[in-house]
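S.K.: Numbering (this note's numbering), first residue to last: 94 to 220.
Every residue, glycine too, gets a C-beta built ideally from N, C-alpha and C.
Since we're looking at a predicted model, the values are computed, not measured.
Got a structure here, written out as structure tokens. Questions coming.
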């Protein structure tokens, strides 16, 4: 191995912003990509007040994991909603045909860890 990955601290990772200025604005740090892309994506994400991760979707081959660090967020899972708070965890199995998205209806940002596979043949199905 010529360039082994080394330990990092979240403060050392540059932040990205997706969908800036919209109701889908998300801030994030792709931890697993420091020093080169990884098979599994691990990121620390922040959803500002009033933002969401629409459209609702699920993956055909990839599974995702979400763990809430700070704040309160509403998970829309199929036709049900769930309030997630710090310490809440959810696993979205591959091919589970329950579309999901998050909505931050609180006055404070929500920080969470998102972990997901990166499978080339995966398809995202939008509801």
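1. Would DSSP call residue 118 helix, strand or coil?
2. Which ranges would you report for the alpha helix (DSSP H) in the region 157 to 197 if only whole runs of at least 4 residues count?
3. Out of 143, 162 and 165, point me to the one whose CA is closest to residue 118's CA.
4. Have a look at 159, 169 and 207 and flag the residue whose alpha-carbon is nearest the alpha-carbon of residue 181.
5. So, residue 154 versus residue 214, is the Cβ gap smaller than 7 Å?
6. Give the C-beta separation of residue 74 and residue 179 to the nearest angstrom, bearing in mind that I take them to be a contact with Cβ-Cβ under 8 Å.
7. With a Cβ-Cβ cutoff of 7 Å, do residue 269 and residue 191 count as a contact?
8. When the Cα of residue 218 is compared with those of 151, 199 and 203, which residue comes out closest?
9. Between residue 166 and residue 195, is the Cβ-Cβ spacing less than 7 Å?
10. Taking 8 Å as the limit between beta carbons, can you name the residues of its chain near residue 107, skipping five residues before and five after?
M.R.: On the basis of the data shown:
1. coil
2. none
3. 143
4. 159
5. yes
6. Coverage of the chain is limited to positions 94 through 220, which leaves residue 74 absent and any answer about it impossible.
7. This structure cannot speak to residue 269, because the chain is shown only from 94 to 220.
8. 151
9. yes
10. 122
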